[in-house]
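Numbered according to the numbering used here, the sequence shown spans residues 9 to 235. For every residue, glycine included, the Cβ atom is placed at its ideal position computed from N, Cα and C.
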Amino acid sequence: MALYALGDPHLSLTVEKPMDVFGGAWEGYVDKLKRGLSVLTPEDTLVLCGDLSWGMDLPEAREDFAFLDSFPGRKYLIKGNHDYWWTTAAKMEKFFQQEGFSTFQLLHNNCRFYGDTALCGTRGWSFDEEEEGDRKVFDRELIRLETSLKAAGDAEKICFLHYPPFRAGRAEGEFVELMERYGVRTCCYGHLHGDAQRMALTGEHGGIRYILVAADAVGFSPVMILP
9 MALYALGDPH
19 LSLTVEKPMD
29 VFGGAWEGYV
39 DKLKRGLSVL
49 TPEDTLVLCG
59 DLSWGMDLPE
69 AREDFAFLDS
79 FPGRKYLIKG
89 NHDYWWTTAA
99 KMEKFFQQEG
109 FSTFQLLHNN
119 CRFYGDTALC
129 GTRGWSFDEE
139 EEGDRKVFDR
149 ELIRLETSLK
159 AAGDAEKICF
169 LHYPPFRAGR
179 AEGEFVELME
189 RYGVRTCCYG
199 HLHGDAQRMA
209 LTGEHGGIRY
219 ILVAADAVGF
229 SPVMILP
């Protein structure tokens with residue numbers, strides 16, 4: 009029994025948008041994901057930190073979900089900025105039920121539990137302070153994260169985001185302040201690729217352990233967070 013996290017698989021088994029075109033770590037990435045996800049057992053839990061499928065809607069993403077569902081263990085899904093298929097919770101849960109995808113649950117405006125540990129999270133956001141629309145999205149994501157953290161009560165909390173919760177590789181900003189206020193001890197995030205990973209904040213800062221789990225940063229293998 010173990011808790012894992014992995015972000016940004018960017019699957020495109022139906023749509024013509026394979027990540028192999030970027031070369032480097034992305035060459036043969038679906039086979040790498042198969043090998044990486046093969047560590048999962050039925051007792052494990054995997055949090056998928058966004059950018060799961062390039063499908064534009066749920067039917068287009070179906071084969072990508074079938075791929076992920078084929079591996080054992082429970083999987084909690086967080087929305088990424090490229091998850092255009094994401095719709096209402098009711099529609100997604102109905103789709104998963106109709107297709108027989110039994111391993112998925114949403115981590116969105118709620119929290120889930122791994123034993124006594126609360127798993128909290130949301131997409132997050134990056135923003136240009138001069139863009140009013142981005143600021144509104146950013147503030148909405150802060151509210152969603154606080155809703156998730158409040159739902160956890162007094163339990164030990166691990167936070168999962170798609171976007172990095174900091175600015176310019178420094179442990180500061182509203183998301184960091186919120187996690188510190190609620191006593192979060194570990195934060196996993198994705199989104200950063202290629203040269204942007206040089207800005208990644210990892211290790212312990214301000215009492216929070218930060219872990220970058222973007223697939224190309226971790227060899228397309230889920231990162232064990234708790235045994």
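Tell me whether the beta-carbon of H213 lies closer than 8 Å to the beta-carbon of D59. Between H213 and D59, the C-beta spacing is not below 8 Å.
Under 8 Å, with one C-beta from each stretch per pair, do the region 53–70 and the region 9–19 reach the 3-pair mark? Counting Cβ pairs under 8 Å, three or more are found: they touch.
Please classify G31: is it buried, with 16 or more other beta-carbons within 10 angstroms of its beta-carbon, or exposed? G31 is classed as exposed because its beta carbon has fewer than 16 other beta carbons within 10 Å across all chains shown.
Residue range of the alpha helix (DSSP H) that includes V29: That residue, V29, is in no alpha helix (DSSP H); it is neither H nor E in DSSP.
Between the CA atoms of D124 and D224 - distance to the nearest angstrom: Inter-residue distance for D224 and D124 is about 30 Å (C-alpha atoms, whole angstroms).
Host alpha helix (DSSP H) of M64 (start-end): Counting along the chain, M64 sits inside no alpha helix (DSSP H), nor does DSSP assign it H or E at all.
In chain order, what residues of the same chain have a beta carbon less than 6 Å from the beta carbon of E35, not counting five sequence neighbours either side? If we look at E35 and ignore the five residues flanking it on each side, its Cβ neighbours are D28.
Return helix, strand or coil for F112, following the three-state DSSP convention. Residue state, collapsed to three classes: strand.
For C119, which option in C195, K40, G129 has the closest C-alpha, if you only look at C-alpha atoms? Per the Cα distances, G129.
Contacting residues, own chain, Cβ-Cβ under 7 Å from Y122 (five flanking each side not counted): So the qualifying residues of the chain are L11, T53, L234.
N-terminal and C-terminal residue of the alpha helix (DSSP H) that R189 is part of: Note, R189: alpha helix (DSSP H), 182–189.
Secondary structure of A126, DSSP reduced to three states: Note: A126 maps to strand in three-state DSSP.
As a quick exercise: from K25, C196, W133, pick the residue whose alpha carbon is nearest that of P230. Checking every option, the nearest Cα to that of P230 belongs to C196.
For H18 and G108, the rounded distance between their alpha carbons: Looking at the two C-alpha atoms, the distance is approximately 22 Å.
What residue range is occupied by the uninterrupted alpha helix (DSSP H) comprising F104? For F104, the enclosing alpha helix (DSSP H) stretches over residues 97–107.
Looking only at its chain, what residues have a beta carbon closer than 7 Å to the beta carbon of A97, apart from the 5 residues adjacent to it on each side? Once the five neighbours on either side are set aside, the close Cβ partners of A97 are L114, H116.
According to DSSP, simplified to helix, strand and coil, what is F6? This structure cannot speak to residue 6, because the chain is shown only from 9 to 235.
If I follow the unbroken alpha helix (DSSP H) through V231, where does it start and stop? For V231, no alpha helix (DSSP H) run applies; the uninterrupted beta strand (DSSP E) run containing it begins and ends at 231–234, by DSSP.
Sheet register partners of R120 (DSSP bridge): For R120, which the question treats as bridged, DSSP gives the partners L127.
Got a sec, what are the start and stop residues for the alpha helix (DSSP H) L11 sits in? Note, L11: premise wrong, no alpha helix (DSSP H); beta strand (DSSP E) at 11–14.
Less than 8 Å between the C-beta atoms of P173 and M187, yes or no? By the CB criterion at 8 Å, P173 and M187 fall inside the cutoff.
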